Amino acid sequence: MVTAWTREDAAHALRRPTAADDKYSRGVLGMRTGSNPYPGAAVLGVEAAWRTGLGMVRYLGPSRAADLVLARRPETVTADGRVQAWVIGSGTDAATRTPSDTAALRALLSDTDPVVADAGALDLAVEDEATAPRILTPHDREHARLRAALGLAVAGADRAAAARETAAATGAVVLLKGAVTVVAAPDGWTVTVDAGTPWLATAGTGDVLAGVIGALVAGAAAGAAPAAATLAALAASGAWLHGRAGVIAAAGDRPVTALDVAEALPLAVAEALAD
0 MVTAWTREDA AHALRRPTAA DDKYSRGVLG MRTGSNPYPG AAVLGVEAAW RTGLGMVRYL
60 GPSRAADLVL ARRPETVTAD GRVQAWVIGS GTDAATRTPS DTAALRALLS DTDPVVADAG
120 ALDLAVEDEA TAPRILTPHD REHARLRAAL GLAVAGADRA AAARETAAAT GAVVLLKGAV
180 TVVAAPDGWT VTVDAGTPWL ATAGTGDVLA GVIGALVAGA AAGAAPAAAT LAALAASGAW
240 LHGRAGVIAA AGDRPVTALD VAEALPLAVA EALAD
């Protein structure tokens, strides 16, 4: 049976900082996202990560995207260094990826830090050499391409069953995005998360979601390397916070943009912590 993830469940992925914390103990997230054609994806993901709550974001990407990230979030660090988790691929296209970018992403995916793989990095995240703890965040079309690459049958109407099969085949957590998001772990653990509002179906909200999940994973990894079950719970919690931020932004049934959703994240986090 597939259960629905709740606010109470999501609250377990969050913790208030204490007087004993510093920026490293709160989690450091590295992001290799955005591209010259799609620099806004980097801005949205970085914004979302900061507003979810963590100690530091390191952004490593194209100079145009880096300039825009710093203009929006000057506290972001654009030098390489210590991180506890990665978000890769948002706002990139595998078809135009350079050999050096491919090599850098493969190095992260074969390391030990957990990785949230989105969009243009999904193809690399299912290679045999990808041994890092991984959360894959495809939408339905991307999921279909992944399954074809893995030699799996065309998915039927049961999205939860398909996500479970993909998770088992890759050894990664699969977060299958949609109006109802499915999160499946390699051991078969599966939950659903209702988006809460159809206004979230707009450009850039997936980039925001990747940043939210990355922030939660970095915060958890600051204490100890998260197990697959923990990664799945963090992914589901990120999806819940993202959906709740969308509901807050769309209050009164108003249209929202991805940046509106990112800006509403602190209220979603506060609501979850209040429980």
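The sequence shown: position 40 = 39 (numbering that gives the first Met the number 0), numbered continuously. Glycine included, every Cβ here is placed at the ideal spot set by N, Cα and C. The model shown is predicted, which means the values in this text are computed figures rather than measured ones.
Worksheet entry | GLY222 - DSSP class collapsed to helix/strand/coil | Counting from 1 along the sequence shown, the entry for residue 222 is found at position 223. Correct three-state label for GLY222: coil.
Practice prompt. Leaving out five residues on either side along the sequence, give the residues of the same chain with a beta carbon under 7 Å from the beta carbon of GLY237.
Written response: Within the sequence shown, residue 237 is the residue found at index 238, counting from 1. Setting aside the 5 residues that flank it on each side, GLY237 is surrounded in the same chain by LEU208, VAL211, ILE212, LEU215, each with a C-beta closer than 7 Å to its C-beta; the list follows chain order.
Item to complete: Label VAL27 either buried or exposed according to how many other C-beta atoms from any shown protein chain fall within 10 Å of its C-beta, with 16 as the threshold for buried.
Response: Your numbering for residue 27 matches position 28 in the sequence shown. Burial call: buried.
Practice prompt. Kindly confirm or deny that the stretch 92-101 and the stretch 72-82 touch, where touching means at least three C-beta pairs closer than 8 Å.
Written response: Contact between the stretch 92-101 and the stretch 72-82 is not established, with fewer than three Cβ pairs separated by less than 8 Å.
Discussion item. Buried or exposed for SER62, going by 16 or more other Cβ atoms inside 10 Å?
Written reply: Position 63 of the sequence shown, counted from the start, is the residue given in the question as residue 62. Around the C-beta of SER62, fewer than 16 other C-beta atoms lie within 10 Å, and the residue is accordingly described as exposed.
Worksheet item: Skipping 5 residues on each side, what residues in its chain have a beta carbon closer than 6 Å to that of VAL190?
Response: As a position in the sequence shown, residue 190 is number 191, starting the count at 1. The answer, listed in chain order, is THR2, TRP4, VAL182, ALA235.
Item to complete: Pull up the distance between the alpha-carbon of ARG6 and that of ALA78, whole angstroms please.
Response: Here residue 6 is taken as the residue at index 7 of the sequence shown, counted from 1. Here residue 78 is taken as the residue at index 79 of the sequence shown, counted from 1. For ARG6 and ALA78, the distance between alpha carbons rounds to 36 Å.
Worksheet item: Around the C-beta of ARG15, are 16 or more other C-beta atoms found within 10 angstroms, so that it is buried, or is it exposed?
Response: To locate residue 15, count along the sequence shown from 1; it is residue 16. Result: exposed.
Worksheet entry | Within 8 Å, strictly: CB atoms of ALA323 and GLY203 | Here the chain comprises residues numbered 0 to 274, so residue 323 is not present and cannot be evaluated.
Practice prompt. Measure the C-alpha to C-alpha separation of ASP8 and ALA148 and round it to an integer number of angstroms.
Written response: The residue labelled residue 8 in the question sits at position 9 within the sequence shown. The residue labelled residue 148 in the question sits at position 149 within the sequence shown. Going by the C-alpha atoms only, they are around 33 Å apart.
Worksheet item: Roughly how many whole angstroms lie between the Cα atoms of PRO132 and GLU46?
Response: Here residue 132 refers to the residue found at position 133 of the sequence shown. Here residue 46 refers to the residue found at position 47 of the sequence shown. Cα to Cα, PRO132 sits roughly 24 Å from GLU46.
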